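One point on numbering: in the working numbering, the residue at position 138 of the sequence shown is 275, and numbering is uninterrupted.
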Amino acid sequence: MCQTGYESLMARELEAAGHGVAASGPGWILAARSGEGESAFLHFRLEKPVEVEGGAVNALAQGLWQFFSESLRGERIEAPWPCVFGAAGDEPGLGRRVTSVEAAFKEILEKKLGRVARLAMADLPRGVGPARGMFVWFTDFGRALASREAWRNGQCRMADDPLAPSRSYLKVEEAYGLLGREPGDGETVCDLGAAPGGWSYSAAKRGARVVAIDNGALKGGALGHAGIDHRRKDAFEIRPSESLVYDWLFCDLVEEPHHVLRSIVEPWIRHRGCRRFIVNLKFGRVDPIELLGELRGAGSPLRTLATGVRIRHLYHDRDELTLTGEVAA
């Protein structure tokens, strides 16, 4: 599964990695084999899904229950587990169909296995890695793909903050999940291209001390925040210093991605001006699959100078890729 509208890019990424595409639809692709390895456009993956068909809500719910109950043989569920239903695309009424089938399935589950039903969680756990539970993805009104195993790739819808100056705030909040940590009390952040201040506000509200670099004005919760030092300068004029190492580098600039990589990302990690980074690269005017190849290539500074690097097309991203990682010791 991916963000709707980016299926062709996910397909190209999978094919470049040797994973053939058997079928596709809005927000999903059926691959000929499992797509292990790093993927930017993948949001989550169902392993060896089983097709369940039915013309009515109850028929689909019964089919899903049969699959689930048979797969439970010999297994005990003692802890909270994900029971996730979803669909993509804008087909009228499909969302209501999914909600109805989910409710009917959970009603059967409650009658048959009340204790197990009470441990069910409706959301996919945040983070990166495998998950076991019940995962159902509708490709149309009468057809769903179901699996007990899923791979979480780190994307997650985030809750907005009324004080956040911009929608961009949601991207950095989501990116913390890729790193497995977020700015903490007393940590230092250099935010290049900060205005109107969504990323700076996100760090400052956690107690971090932020230097926000942008000629533009800050707004909302970032404006006048005691934890934010706004400096009206061009982000490309700021150079890393060996005597001042920030805990975090933030960078979200509306610039050509290679320019950002050459002028900001590589110098900052090469000179160890930060300990970890979150960077957005806009790909509206470049081929994103070719850009991914460059970022992952043997000569990329992300491979030679950084560790734990993850490249993702986030839930809240548009035509951009988000990079997270730590600078190598």
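Glycine included, C-beta positions come from ideal geometry on N, C-alpha and C.
Keep in mind that this is a model prediction, so the values were computed, not measured.
Item                                                                                                                                                                         : Value
Find the nearest neighbour of W274 within the set L398, R409, P302, E286, judged by alpha-carbon distance.                                                                   : E286
For G191 and H180, what's the separation of their Cα atoms in angstroms?                                                                                                     : 27 Å
Does DSSP put M258 in a helix, in a strand, or in coil?                                                                                                                      : strand
Please classify P267: is it buried, with 16 or more other beta-carbons within 10 angstroms of its beta-carbon, or exposed?                                                   : exposed
With the cut-off set at 8 Å, would you say L358 and D322 are in Cβ contact?                                                                                                  : Here residue 358 turns out to be Gly, not Leu, going by the sequence shown. No, they are not a contact pair.
Count the other C-beta atoms from every protein chain shown that fall within 10 angstroms of the C-beta of T459, then say buried if there are 16 or more, exposed otherwise. : buried
Given a threshold of 16 other Cβ atoms within 10 Å of its Cβ, counted over all protein chains shown, does E150 qualify as buried or as exposed?                              : buried
Just mark N352 as buried or exposed, buried being the case when its beta carbon has 16 or more other beta carbons within 10 Å.                                               : exposed
So, do the stretch 415-433 and the stretch 355-369 have three or more beta carbon pairs nearer to each other than 8 Å?                                                       : no
Would you say N417 and E457 are within 8 Å of each other, going by their C-beta atoms?                                                                                       : yes
Ordered along the chain, which non-local residues of its own chain (more than five positions away) have a Cβ less than 6 Å from that of E324?                                : A345, D384
Going by beta carbon distance, what residues of the same chain come within less than 7 Å of F204, once the five residues before and after it are set aside?                  : V187, V189, A283
Return the chain-ordered ranges of every alpha helix (DSSP H) run that is complete within the stretch 182-265 and spans a minimum of 4 residues.                             : 194-208, 231-249, 251-255
Along the chain, where does the beta strand (DSSP E) containing V464 start, and where does it finish?                                                                        : 457-464
Could you tell me which residues DSSP puts in a beta bridge with N417?                                                                                                       : D389, T459
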